Amino acid sequence: MSSFLHQRPIQNPFSNALLISPRSSSTSQRPISIFSPTGLIFLLSLMVILGVFVPWSGMTQSMSSNSNRPSSISKWKDYSLAEAASFVAKNGTVIVCAVSQPYLPFLNNWLISITRQKHQEKVLVIAEDYATLYKVNKNWPGHAVLVPPAPDSQTVHKFGSQGFFNFTSRRPRHLLQILELGYNVMYNDVDMVWLGDPFHYLEGNHDVYFTDDMAAVKPLNHSHGLPPPGKKGRTYICSCMIFLRPTDGAKLVMKNWIEELQAQPWSKAKKANDQPAFNWALNRTAGLVDLYLLPQTAFPTGGLYFKNQTWVQQTKGMHVIIHNNYITGFEKKIKRFRDYGLWLVDDHKLESPLGRL
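Under full-length UniProt numbering, the sequence shown has 318 at position 318, and the numbering climbs by one with no breaks.
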């Protein structure tokens with residue numbers, strides 16, 4: 001159709017007092033009226049071309065464009081954890097976080113810090129609502145997956161709520177699934193910032209690596225074994241930063257974590273979260289699993305980093321991942337990150353694979 005139009009330029013049918021001049025292929029220059037049979041046939045042909053073929057061309061182009069959209073809703077809704085892990089894994093390793101829509105600014109901040117360490121391509125965002133799934137995959141195709149059923153997205157962000165418990169209690173199931181697929185997996189909460197490369201600290205071939213959530217200062221050469229139990233009869237290891245190898249030992253810890261969560265469900269009287277259950281799982285499998293406590297100087301809890309400036313100065317240059325815990329509330333966390341120059345999205349959002357959210 002387009003070649004026909006280029007070969008025969010169409011003049012305005014309403015110029016020259018509503019007369020159309022044919023091409024000078026004949027010696028006759030007699031004008032043809034638009035009301036003559038020839039003129040009417042010509043107008044009818046023109047209307048068919050403009051009224052049928054042009055809209056159809058535009059429609060087919062639009063359909064083709066829509067069918068090729070990489071972030072189509074139906075595609076990501078059916079995207080499996082196995083597909084996602086296979087897509088993002090590098091050197092047999094996946095970096096995982098679990099995020100609902102209210103946490104997207106923290107996700108972006110965390111991703112900027114990971115990108116600076118050149119590990120962003122390993123990241124898999126486990127979306128805990130469909131809005132997060134579609135938003136992340138629209139900006140960064142393939143890096144988010146939702147493992148159904150999705151929890152109630154309106155309650156998951158409030159610490160101590162049943163929604164928050166339901167949200168965090170899904171974590172060991174996700175991690176166990178990835179281990180069963182044969183990958184190493186690092187889990188992070190997204191209220192963290194990387195200042196260095198944590199993979200340099202994963203010494204040896206232990207089953208499970210973790211950090212202490214206690215704010216008490218440890219010796220620089222502290223033991224890497226599981227600390228002794230505290231007042232509640234268990235350790236105080238943080239479930240915020242975990243590295244697991246796909247070993248029987250790591251899988252055993254995840255299975256015990258799941259069992260502990262089932263044995264300690266949330267109630268109004270006892271507003272549980274996933275961390276005590278993780279500690280019970282570690283304590284009960286300690287003799288069967290190769291466990292490794294990461295150095296406090298590199299992985300300090302927020303109760304130490306943000307509240308003991310003497311220690312921070314003494315260990316300056318040794319910090320690798322900072323966790324913004326020991327504080328609740330989005331605005332309070334953001335303010336504290338800003339106060340310490342760790343809220344990166346203000347000036348560096350384009351460094352994130354997600355760009356502007």
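For glycine and all other residues, C-beta sits at the position ideal for the given N, C-alpha and C. The structure displayed is predicted, hence computed values, not measured ones.
A straight-line Cα-Cα distance of about 10 Å links Y183 and I95. With distances taken between CA atoms, L344 lies nearest to I112 out of I73, K90, I112. In the structure shown, K335 falls within a helical segment according to DSSP collapsed to helix, strand and coil. Between L226 and L293, the alpha-carbon positions lie close to 6 Å from each other. The alpha-carbon separation between T301 and H323 amounts to approximately 6 Å. Rounded to whole angstroms, the separation of the alpha carbons of P102 and F330 is 9 Å. Around the beta carbon of P295, a 10 Å sphere encloses 16 or more other beta carbons of the protein chains shown; the residue is thus reported as buried.
Pairwise C-beta distances place the stretch 199-216 out of contact with the stretch 331-351, as fewer than three of them are shorter than 8 Å.
Distance between F199 and F299, taken at the CA atoms: about 12 Å. Shown here for T285: same chain residues with a beta carbon closer than 6 Å to its own, the five before and five after excluded, namely L252, V253, N256 in chain order. Beta bridge pairing from DSSP links Y292 with Y209.
Distance between K118 and R170, taken at the CA atoms: about 28 Å. Assigned with DSSP and collapsed to three states, H323 falls in strand.
Here the alpha carbon of L176 sits roughly 31 Å from the alpha carbon of A216. Taking a contact as a CB-CB distance under 8 Å, the pair W194 and I321 counts as one, their CB atoms being some 6 Å apart. Look at T315 here: in three-state DSSP terms it is coil, with no helix or strand label.
Classified as exposed, E83 has fewer than 16 neighbouring CB atoms from the shown chains inside 10 Å of its CB. In this chain, the alpha helix (DSSP H) harbouring N256 covers 248-263. Only residues of its own chain outside the window of five on either side were considered, and among them Y236 have a CB closer than 7 Å to the CB of G230, listed in chain order.
Here DSSP, grouped into helix, strand and coil, assigns T285 to helix.
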